[in-house]
Amino acid sequence: MLTKIKSNLLSARIYIPEVLLFDFIISFIIFIFIDSTYAVVSLIIIELILSIIMLGYIGRKRNAELDEIKRIINNIRKSEYSNSEEIHLSKNLSAIEEDIKKMFEKTKSDIEYLKRLERIRTEFLANVSHELRTPIFAIQGYIETLLNGAINDAKVNNYFLEKANTHTLNLNNLLNDLIDISMIESGEMKMSFRYFNINDYLQTIVNEFQPMAEEKNIELIYHPAHDRLQFFGDKNKLRQVMINLIQNAIKYTEKGKVEVLIEEEQKFGRIIVKDTGYGIPENDLSRIFERFYRVDKARSRAVGGTGLGLAIVKHIVEAHGSKIEVKSKLDEGSEFSFKLKK
Ligand SMILES: Nc1ncnc2c1ncn2[C@@H]1O[C@H](COP(=O)(O)OP(=O)(O)OP(=O)(O)O)[C@@H](O)[C@H]1O
Ligand SMILES: [Mg+2]
């Protein structure tokens, strides 16, 4: 009991100056208006006792409020709430209830965000190790076979060396893509924007892919825009975008054609890469820009893909303040496009 009174008074001690001031004013009034010394002393003593009782009462209320806040903080710390609606404070603390709820929501979403990042990181590492293991195992296999005697077998030795070499190239491509992705995501990708003639630029890139298209008996066509059309962007980075899009279009097309064209708008131009290939199922459309995502893993791997190409494309296009768009119909073909400033 005594400790409780002591703790209440201690809690109210911050109000002592105000209470003393109030007591002083009342005492002064008593002193002026009452003549009898006995009455003055008695009234001042009563006043002091009442002040102490009042301080005790204020302290008790203050302690109760502090206990309530402590209880809520402890519950949050012990993760006893699953959402902010479960947090309730008494009426006189309603002013801070909203703030506590907002703090709770913010902490909750920060933690969820960190957990998601952690999951993405783990998945990324698992994917990278898996993708690295495939070519390394293959190279190891061919080398071991050669060392075990195949090196002297003129029928297969060249073939095995060529196979090992192809896997080394794939490994190198994968590492280059990984370096690109990590540079882009850590914000180290330096962009250098300039105006350039889009016709010459696209024609050169398309020409480089003619042999690949011919090999698959696919028509690769560039529809030139008007001669003086200039686009604003980073030529080197956009080259990577165009290479990925044209390569994909040829890789994932069995027969028919791949077309590269430009649609002019007032202040922008849209670069389009269109094919008559396998197409992409609707459910996969929103995921193909994720790192390592492949619609048909077996088919994609068979044509040497690791699923990083479109993730890089998306980053570069977004660094141009634009957005990569895709339309596709299964078994009919796909169309990838993005706008650039002209
Ligand atoms: N033009 C297209 N037609 C049909 N499917 C496509 C097309 N472009 C992309 N895809 C699908 O989207 C997936 C992701 O493409 P992305 O370019 O990121 O990876 P990839 O081509 O498999 O490998 P990488 O480009 O890293 O060598 C592909 O595996 C493929 O399934
Ligand atoms: Mg690709």
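Sequential numbering from 137 applies to the sequence shown in our numbering. We put the CB at the ideal spot given by N, CA and C, even for glycine.
Counterpart residues of residue i in DSSP-defined beta bridges
i                 : result
glutamine 366     : Asn333
lysine 299        : According to DSSP, which records beta bridges pairwise, lysine 299 is partnered with nothing at all.
phenylalanine 404 : Lys477
isoleucine 398    : Ile407
lysine 142        : Per DSSP, none; premise fails for lysine 142.
lysine 393        : Glu355
Buried/exposed call for residue i, threshold 16 Cβ in 10 Å
i                 : result
methionine 378    : buried
isoleucine 386    : buried
glutamate 395     : buried
glycine 323       : exposed
aspartate 527     : The first residue shown for the chain is 137 and the last is 478, placing residue 527 beyond what the model contains.
aspartate 363     : exposed
lysine 475        : buried
histidine 303     : buried
serine 464        : buried
glycine 529       : Limits of the chain in this structure are 137 at one end and 478 at the other, which puts residue 529 out of reach.
glycine 285       : exposed
asparagine 228    : exposed
phenylalanine 164 : exposed
serine 253        : The sequence shown places leucine at residue 253, rather than the serine named in the question. Result: exposed.
DSSP-derived helix/strand/coil call for residue i
i                 : result
isoleucine 232    : helix
leucine 184       : helix
phenylalanine 472 : strand
serine 265        : helix
lysine 227        : helix
lysine 244        : helix
lysine 450        : helix
tyrosine 217      : coil
asparagine 294    : helix
phenylalanine 273 : helix
asparagine 284    : coil
glycine 413       : coil
threonine 442     : coil
arginine 198      : helix
glycine 115       : No statement about residue 115 is possible, as the shown extent of the chain runs from 137 to 478 and does not include it.
phenylalanine 345 : coil
aspartate 313     : helix
Host beta strand (DSSP E) of residue i (start-end)
i           : result
leucine 356 : 355 to 358
valine 462  : 461 to 465
For residue i, the first and last residue of its enclosing alpha helix (DSSP H)
i                 : result
phenylalanine 164 : 152 to 169
lysine 387        : 371 to 387
valine 431        : First-last for valine 431: undefined, no H or E at that position.
glutamate 418     : 418 to 421
Contact between the region 413 to 427 and the region 465 to 473 (3+ Cβ pairs under 8 Å): yes
The region 310 to 327 / the region 346 to 366 touching (three or more Cβ pairs under 8 Å): no
Touch check for the region 385 to 402 and the region 420 to 428: three-plus C-beta pairs under 8 Å? These segments do not touch.
Below 8 Å, can you find three or more Cβ-Cβ pairs linking the region 232 to 252 to the region 264 to 283? no
Quick one: any contact between the region 138 to 146 and the region 176 to 194, if contact means 3 or more CB pairs under 8 Å? By the Cβ test, the region 138 to 146 is in contact with the region 176 to 194, since at least three Cβ pairs between them sit closer than 8 Å.
Assess, as a yes-or-no matter, whether the region 358 to 375 is touched by the region 444 to 456 under the definition of 3 or more beta carbon pairs within less than 8 Å. yes
Just checking, does the region 290 to 298 make contact with the region 325 to 345 on the three C-beta pairs under 8 Å criterion? no
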